[in-house]
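If you read the sequence shown in my numbering, its first letter stands for residue 76, the second for the next number, and so on.
For each residue, glycine too, the CB sits at the ideal point set by N, CA and C.
Take a look at the structure set out below.
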Amino acid sequence: MKSKSDQTQLNRSSSSSAGASQTNWKTIIDAASNSPTAGQSREGVARRYWPAIHAFVRKSGIPPAEADDVTQAFICDVMLGRDLLARAAPERGRFRSLLLTSVRNFAIDELRKRKSPTRKPASGIILSLDDDIRSGDRNADLNLDEPEHAFHAQWVTMMIDQAISVVREWAIGNSQEVQWDIFNRRILEPMRTGAEPISTETFMKQWSLTSPAQVANTLARMKRKFVAALMEQLGNFDDDPDMIHREVSTLLHTLERKTR
Numbered sequence: 076m077k078s079k080s081d082q083t084q085l086n087r088s089s090s091s092s093a094g095a096s097q098t099n100w101k102t103i104i105d106a107a108s109n110s111p112t113a114g115q116s117r118e119g120v121a122r123r124y125w126p127a128i129h130a131f132v133r134k135s136g137i138p139p140a141e142a143d144d145v146t147q148a149f150i151c152d153v154m155l156g157r158d159l160l161a162r163a164a165p166e167r168g169r170f171r172s173l174l175l176t177s178v179r180n181f182a183i184d185e186l187r188k189r190k191s192p193t194r195k196p197a198s199g200i201i202l203s204l205d206d207d208i209r210s211g212d213r214n215a216d217l218n219l220d221e222p223e224h225a226f227h228a229q230w231v232t233m234m235i236d237q238a239i240s241v242v243r244e245w246a247i248g249n250s251q252e253v254q255w256d257i258f259n260r261r262i263l264e265p266m267r268t269g270a271e272p273i274s275t276e277t278f279m280k281q282w283s284l285t286s287p288a289q290v291a292n293t294l295a296r297m298k299r300k301f302v303a304a305l306m307e308q309l310g311n312f313d314d315d316p317d318m319i320h321r322e323v324s325t326l327l328h329t330l331e332r333k334t335r
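Structural data, given as structure tokens:
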């Protein structure tokens, strides 16, 4: 049974996650408007969703050398140049499926026109995206059978990054730096980079802990916060609870192995 303190902390974590999701939706809505900040918001949206779109394009049969151009054409012509963003709304919670359907149709059209020369985006919008963004599709080279899998893998990676930011901000804001350090170096860094997990003994010595149970309890508590934040992020942009459940279950399996 959760203590009153734990429940309060979980509520704060949920509020922080919801705030992050609201900020993302505000950016999407602003990007679809004619506000003075719309240009900046469009740039932010392009950077945020480039990896997932690029991963789909690469796995769809588009030659790797042309994947950047096709991705930029989709972002400029469809995502920003048409009404795709205007059709998205927080209450619908289906931005992922909306974006996936659009990029799938676009890729099919591009494959049909492979004999045509590379074209300039019809909208005339040219985005300046640095190499870090262009190479941001970290899972694109995995052995995935279908481009949809590559898209979803990148989407979950993006949501994981957002959930990590939420939990980190919560930990710092609530003077829980020790808990964050244990969770980050034992679970997150090994999961994301393949780094060697830090041992319980090392944490006990570094943070003057008196029992291995303190490390185990910290990992369990932080894992709950992380999963709650991830569920919040996924749920705000999706309308498929079964898919969310499968993705989180897979991640939970990974976390379970890391906490042993």
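Residues near P287 by beta carbon distance below 6 Å, same chain, minus five either side: Against the sequence shown, residue 287 aligns to sequence position 212. Counting only Cβ-Cβ distances below 6 Å, and skipping sequence neighbours, we find T275.
Spatial neighbours of I247 in its chain, beta-carbon cut-off 8 Å, leaving aside the 5 residues before and after: Start at 1 with the first residue of the sequence shown, and residue 247 comes out as number 172. Counting only Cβ-Cβ distances below 8 Å, and skipping sequence neighbours, we find W255.
Cβ separation of K300 and W230, assumed to be a contact under 8 Å, to the nearest whole Å: Counting from 1 along the sequence shown, the entry for residue 300 is found at position 225. Counting from 1 along the sequence shown, the entry for residue 230 is found at position 155. Not a contact, Cβ separation roughly 21 Å.
Spatially closest choice to V120 from H129, A130, T146, L155, by CA coordinates: Numbered from its first residue, the sequence shown carries residue 120 at position 45. Of H129, A130, T146, L155, the residue nearest in Cα terms is L155.
Sequence-distant residues of the same chain with beta carbon closer than 7 Å to A113, five excluded per side: For the purposes of this step, residue 113 is taken as residue 38 along the sequence shown, with counting starting at 1. So the qualifying residues of the chain are D105, A106.
Where the alpha helix (DSSP H) containing D152 begins and where it ends: Numbered from 1 along the sequence shown, position 77 holds the residue referred to as residue 152. First-last for D152: undefined, no H or E at that position.
Cβ-based burial, L217 [other Cβ within 10 Å; buried from 16]: Working through the sequence shown from its first residue, we reach residue 217 at position 142. The predicted model places L217 with a pLDDT of 42, which falls under 50 and marks its position as unreliable, so this point remains unresolved.
Range of the contiguous alpha helix (DSSP H) that encloses N99: To locate residue 99, count along the sequence shown from 1; it is residue 24. It spans 79 to 106 - the alpha helix (DSSP H) in which N99 sits, taken as one unbroken run.
Cβ-Cβ separation, F149 to I128 (assumed contact under 8 Å), whole Å: Against the sequence shown, residue 128 aligns to sequence position 53. Against the sequence shown, residue 149 aligns to sequence position 74. Confirmed, Cβ separation roughly 6 Å.
Nearest candidate by alpha-carbon position, reference L186, set H320, I137, G269: The count along the sequence shown starts at 1 and reaches residue 186 at position 111. The candidate whose alpha carbon is nearest that of L186 is I137.
Among S135, R117, L294, L309, the one whose alpha carbon lies nearest that of R189: To locate residue 189, count along the sequence shown from 1; it is residue 114. If we check each option's Cα against that of R189, S135 comes out closest.
Under the three-state DSSP convention, the category K188 falls into: Indexing the sequence shown from 1 puts residue 188 at position 113. Note: K188 maps to coil in three-state DSSP.
Simplified DSSP assignment, three categories, for S286: As a position in the sequence shown, residue 286 is number 211, starting the count at 1. Residue state, collapsed to three classes: coil.
Own chain, CB closer than 7 Å to A163, minus 5 neighbours either side, in chain order: Taking the first residue of the sequence shown as position 1, residue 163 is located at position 88. Here the set comprises I103, F170, L173.
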